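Under full-length UniProt numbering, the first residue of the sequence shown is numbered 1, with each subsequent residue one higher. Down below is the structure, laid out as structure tokens.
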Amino acid sequence: MPPRKKAGTGSDGPAPKPKTSADYVRDMRQRLKDAGLIKREFWILPENVSALQGIEKQLRQPFLGERVKLERFMTTSSNWTIETLRNALTELDIVTDGRIAIGEADAASITLTMAEHGDLPIFIAVSGDQILVDTTLIEVAKVKDVSVFNSLVLRSRDLFPLSSVGVETIDGNEVYCMFGALSAASELTVVVQEVLTLAENVIRAVDAYEDHFNI
1 MPPRKKAGTG SDGPAPKPKT SADYVRDMRQ RLKDAGLIKR EFWILPENVS
51 ALQGIEKQLR QPFLGERVKL ERFMTTSSNW TIETLRNALT ELDIVTDGRI
101 AIGEADAASI TLTMAEHGDL PIFIAVSGDQ ILVDTTLIEV AKVKDVSVFN
151 SLVLRSRDLF PLSSVGVETI DGNEVYCMFG ALSAASELTV VVQEVLTLAE
201 NVIRAVDAYE DHFNI
């Protein structure tokens, strides 16, 4: 692969400034304006978000008259709740054969114990349209150099598909957590895949970062 050009060398002018996410959003908005579209703000109930998205796409087309019917965009699928998701998980083979154990009933979350991953605890919470799957990676106090570790984590996100690393406070202690998020309307198989992927990513993260831990 040829070396990257440096600004001011081998060209008639300075290298173009890299585009940021804000630049891409600005370009998108300008394209919509150039297409003759206008922006309007709406206040709706959370459960109607998917319906509004479908209507928005239709309203970007030429005048449709009475052909836009709300019923067309309503979905019959429903979001998981903690109770319905717990009940569905309980019936899975991966649970009944002991590979995953489900903790006692809790109104706030579901606790899973991953037998094939050293009894790693994983927590599932449902909030509105989102399911959050997370687990503790390491206590902040057990990291040798927090600044170095933070920089390393930010540069290695591609190592852990579907998972992110953040910091939260649990029982007064700051911890690094690894988590994934998905739609509360996701198929059960997708939720299970998120859980299994998170468990694998935690093991991979510990292997990758253990030299930075005081354990």
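The beta carbon of each residue, even a glycine, is placed where N, CA and C say it ideally should be. These figures come from a predicted structure and were not determined experimentally.
Contact between residue 195 and residue 122 holds: CB atoms are separated by about 6 Å, below the 8 Å threshold. In this chain, the beta strand (DSSP E) harbouring residue 132 covers 130 to 139. For residue 175, the enclosing beta strand (DSSP E) begins and ends at 173 to 183. Here residue 143 is bridged, per DSSP, to 213. The beta-carbon separation of residue 214 and residue 163, rounded to 23 Å, does not stay under the 8 Å limit for a contact.
Spanning the alpha carbons of residue 206 and residue 137 requires a straight line of approximately 8 Å.
With the rule of 3 Cβ pairs closer than 8 Å, the segment 143 to 152 does not count as touching the segment 95 to 111. Note on residue 28: under 16 other CB atoms within 10 angstroms of its CB, so exposed under the neighbour-count rule. DSSP lists 123 as the bridge partner or partners of residue 111.
Per DSSP, residue 105 is not a residue of any alpha helix (DSSP H), being assigned neither H nor E.
If you draw a straight line from the Cα of residue 38 to the Cα of residue 210, it is about 52 Å long. Look at the beta carbons and you see the segment 105 to 119 not touching the segment 139 to 149: under three pairs across the two are nearer than 8 Å.
When the Cα atoms are used, residue 48 and residue 59 turn out to be separated by approximately 16 Å. Straight-line spacing of the CA atoms in residue 125 and residue 134 works out to 9 Å.
The closest CA to that of residue 197, considering only 180, 172, 186 and 33, is found on 180.
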